[in-house]
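Engineer: In our numbering, each residue's number is its place in the sequence shown (first place is 1) plus 826.
The structure is given below, and queries will be raised subsequently.
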Amino acid sequence: MHFLNEQSSWVEIDLSAIEENVRIIKTLTGGEVMAVVKANAYGHGAVPVANAALKGGAAWFGVARIEEALELRNAGIEQKIFVLGYIPPAHLISAVDNQISFAVWDVEQIDTVSNLWGNSDSAARVHLNVDTGMSRLGVSFESALELALYLSNKPGVLFEGIFTHFARADESDQGSAELQEDRFIKVLDDLQNLNINPQWVHASNSAASLIRPSARFNMVRVGISIYGLHPSLDIKLPETFQPALSWKGTLCQVKDVPPGTGVGYGHEYVASKKEKIGTVPVGYADGIRRVMGNRVLVRGQAVPVVGRVCMDQIMIQLDNVSSAKVGDEVVIIGRQGEERISAENLAHLWGTINYEVVCGINRRVPRFYLD
Ligand SMILES: *Cc1c(COP(=O)(O)O)cnc(C)c1O
């Protein structure tokens, strides 16, 4: 697709890649798939991604905020939606009204919910979050049984699921994940002995889904892998997964500068000879990190970004691409010819993880969808 005449910088999302990635996960894990589409589907666009994931076989959608859940409902997504994190009390009503399931982890929340719906026909659908070692949200695994009992006796509250979340499933040493899994299974066993069996049991993020078959239970919660991005350097996706996101821009000026010319703010780069400098309308306000060492692709070749990254623009050194012209496509993430720059490459340069790279592509960069 060609947006070169219409856009400064844009993102292209291959929805068939997302559909296929979900299908692969579903086949691999054998249970149900919750496609995690929080944070605007890791920057990919929540509604189009959710629809693609649906085609690939996802039965649930996971989000972080009630607003994200409502965005899916308002877009006509009728499948199950789960809010993984906190819902401010004032928004519980809209969760229940819209059949959105959510996490609980303490008595006060359960009481609030029960007080609101204890006398009505509709019940709130809740999943008990068990903290088995992440130390984020969740009732401690040691107190989980007690809270589960409390929950199962509360009117107006449907104990629909139980879950935990791994802190270190993306490492090659699985010792910590194994301990968390053992703690979770103990809670499940104790519950079963009391004949309390919530319908949905889930623990695995992408990394665990790939390498801990014992932690799949009857659903996995997968985010990063459905976008075709590796969970970590240690836990990589099989090669059948495809990255869905490309980030591009248009070369908007090309000029020759004489030796000694400073480029950009602070003249941090100075041309050592006569050099060909190009300008691309994408900058740190779009999500390119303001560090030295960035590279982009032009005419199938990797070229360096020179000088400081500006808010809305970057300059690139085009000496090795003598044919480069105004209007050429510039790739920030993605393929061009034989070359590729991945979100993982940028993460390495920026000292972060691929998750943050794609979540950090600003909303002002328009997203376009390819089937
Ligand atoms: C974000 C998140 C996931 C998805 O993790 P990935 O590593 O992207 O697969 C699953 N569960 C919870 C609770 C999350 O917060």
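Quick reminder that beta carbons are idealized off the backbone N, C-alpha and C, glycines included.
No experiment lies behind these values; they were computed from the predicted model shown.
(1) With 16 other CB atoms within 10 Å as the buried threshold, where does Q935 fall?
(2) Is G1092 a contact residue of ligand 1, with contact defined as CB to any heavy atom under 7 Å?
(3) Applying the 10 Å Cβ sphere with the 16-neighbour rule, what's the burial state of D1112?
(4) Can you tell me the Cβ-Cβ gap for P1024 and E968, rounded? I've got them flagged as a contact below 8 Å.
(5) For my contact list, A843 and P1057 are in at a C-beta cut-off of 8 Å; report their separation, rounded to the angstrom.
(6) For G964, which residues from the same chain have a beta carbon less than 6 Å from its beta carbon, with the 5 sequence-adjacent residues on both sides left out?
(7) Determine the extent of the beta strand (DSSP E) in which P874 is found, giving its start and end residues.
(8) What is the residue span of the alpha helix (DSSP H) that D1008 lies within?
(9) When you compare only the Cα positions, how much space is there between V813 and K864?
(10) By how many angstroms is the C-alpha of L971 removed from the C-alpha of D1016?
(11) Closer than 5 Å is what we want: which residues have a beta carbon that near any heavy atom of ligand 1? List them in chain order.
(12) Quick check: the Cα distance between G1001 and R1115, rounded to an integer number of angstroms?
(13) Measuring CB atoms only, is the region 833 to 840 touching the region 848 to 863, in the sense that at least three cross pairs come out at less than 8 Å?
(14) Quick one, are the C-beta atoms of F908 and W886 less than 8 Å apart?
(15) Along the chain, where does the beta strand (DSSP E) that runs through K1081 open and close?
(16) Should K906 be labelled buried (16 or more other beta-carbon atoms within 10 Å of its own) or exposed?
(17) Which complete beta strand (DSSP E) runs does the region 884 to 966 hold, if anything under 3 residues is left out?
(18) Determine the contact status of V1124 and V1147, defining contact as a CB-CB distance below 8 Å.
(19) In the DSSP assignment, what are the bridge partners of I1103?
(20) Per DSSP, what kind of secondary structure is Y1110 in: helix, strand or coil?
(21) Is the beta carbon of I1142 less than 8 Å from the beta carbon of V1122?
(22) Quick one: give me the first and last residue of the beta strand (DSSP E) that S835 is part of.
(23) Assign T1178 to one of two classes, buried (16 or more other C-beta atoms within 10 Å of its C-beta) or exposed (fewer than that).
(24) How far does the beta strand (DSSP E) with Y1195 in it reach, from first residue to last?
(25) Should the region 1129 to 1141 be regarded as contacting the region 1093 to 1102, the criterion being three or more beta carbon pairs within less than 8 Å?
(26) Report buried or exposed for S1030, applying the criterion of at least 16 other Cβ atoms within 10 angstroms of its Cβ.
(27) Who does H1028 pair with in a DSSP beta bridge?
(28) Identify the continuous alpha helix (DSSP H) that holds E1170 and give its terminal residues.
(29) Using the three-state DSSP reduction, which class does E1182 fall into: helix, strand or coil?
(30) To the nearest angstrom, how far is it from the Cα of I1158 to the Cα of I850?
(31) For the beta strand (DSSP E) containing S1072, list its first residue and its last residue.
(32) By alpha-carbon positions, which one of G888, I1061 and N877 ends up nearest to N1180?
(33) Counting Cβ pairs closer than 8 Å, one from the region 1033 to 1050 and one from the region 1163 to 1176, do we hit at least three?
(34) I'd like the span of the alpha helix (DSSP H) that includes A861, first residue to last.
(35) Just confirm the distance between the C-beta atoms of V1080 and V1156, as a whole number of angstroms; I'd bet it's less than 8 Å.
(36) What are the boundary residues of the beta strand (DSSP E) that A1128 is part of?
Structural biologist: Based on what the coordinates show:
(1) With 16 or more other Cβ atoms within 10 Å, it is buried.
(2) Flag unset: Cβ of G1092 not near ligand 1.
(3) Flag for D1112 reads buried.
(4) The Cβ separation is near 19 Å, so there is no contact.
(5) Taking C-beta atoms under 8 Å as the contact rule, A843 and P1057 fail to qualify, at a distance of about 17 Å.
(6) Closer than 6 Å at Cβ, skipping near neighbours: W931, N955, V956 and D957.
(7) Here P874 belongs to no beta strand (DSSP E); instead the alpha helix (DSSP H) covers A872 to K881.
(8) Under the DSSP assignment, D1008 falls in the alpha helix (DSSP H) whose first and last residues are G1001 to N1019.
(9) The structure shown has nothing for residue 813, since the chain only spans 827 to 1197.
(10) So the alpha carbons of these two residues sit roughly 7 Å apart.
(11) The set, ordered by position in the chain, is V862, L910, H991, N1031, S1032, R1047, V1048, G1049 and I1050.
(12) So the two alpha carbons sit approximately 34 Å from each other.
(13) With a cut-off of 8 Å, the region 848 to 863 and the region 833 to 840 do not count as touching, because too few Cβ pairs lie within range.
(14) With respect to the 8 Å criterion, F908 and W886 are classified as neighbours on the basis of their beta carbons.
(15) Unbroken beta strand (DSSP E) run through K1081: Q1079 to V1083.
(16) K906 is buried by the Cβ-count criterion.
(17) Listed in chain order, the complete beta strand (DSSP E) runs (minimum 3 residues) inside the region 884 to 966 are 886 to 889, 906 to 909, 926 to 930 and 950 to 957.
(18) Their beta carbons are under 8 Å apart, which means V1124 touches V1147 by this criterion.
(19) Bridge partners of I1103: K1081 and Q1143.
(20) Residue state, collapsed to three classes: coil.
(21) Yes, Cβ-Cβ distance for I1142 and V1122 is below 8 Å.
(22) Counting along the chain, the beta strand (DSSP E) containing S835 begins and ends at S835 to D840.
(23) The residue is exposed, with fewer than 16 neighbouring Cβ atoms inside 10 Å.
(24) Where Y1195 is concerned, the enclosing beta strand (DSSP E) stretches over R1193 to L1196.
(25) Yes, they touch.
(26) S1030 is classed as buried because its beta carbon has at least 16 other beta carbons within 10 Å across all chains shown.
(27) Under DSSP, H1028 takes part in a beta bridge, and its partners are F989 and M1045.
(28) Element bounds for E1170: A1169 to W1176.
(29) Of the three classes helix, strand and coil, the one that applies to E1182 here is helix, per DSSP.
(30) One C-alpha to the other measures close to 27 Å.
(31) Here the beta strand (DSSP E) through S1072 covers L1071 to T1076.
(32) If we check each option's Cα against that of N1180, I1061 comes out closest.
(33) With the rule of 3 Cβ pairs closer than 8 Å, the region 1033 to 1050 does not count as touching the region 1163 to 1176.
(34) Premise fails: A861 lies in the beta strand (DSSP E), E858 to V862, not in any alpha helix (DSSP H).
(35) Rounded, the Cβ-Cβ distance is 11 Å, inconsistent with contact.
(36) Counting along the chain, the beta strand (DSSP E) containing A1128 begins and ends at Q1127 to V1132.
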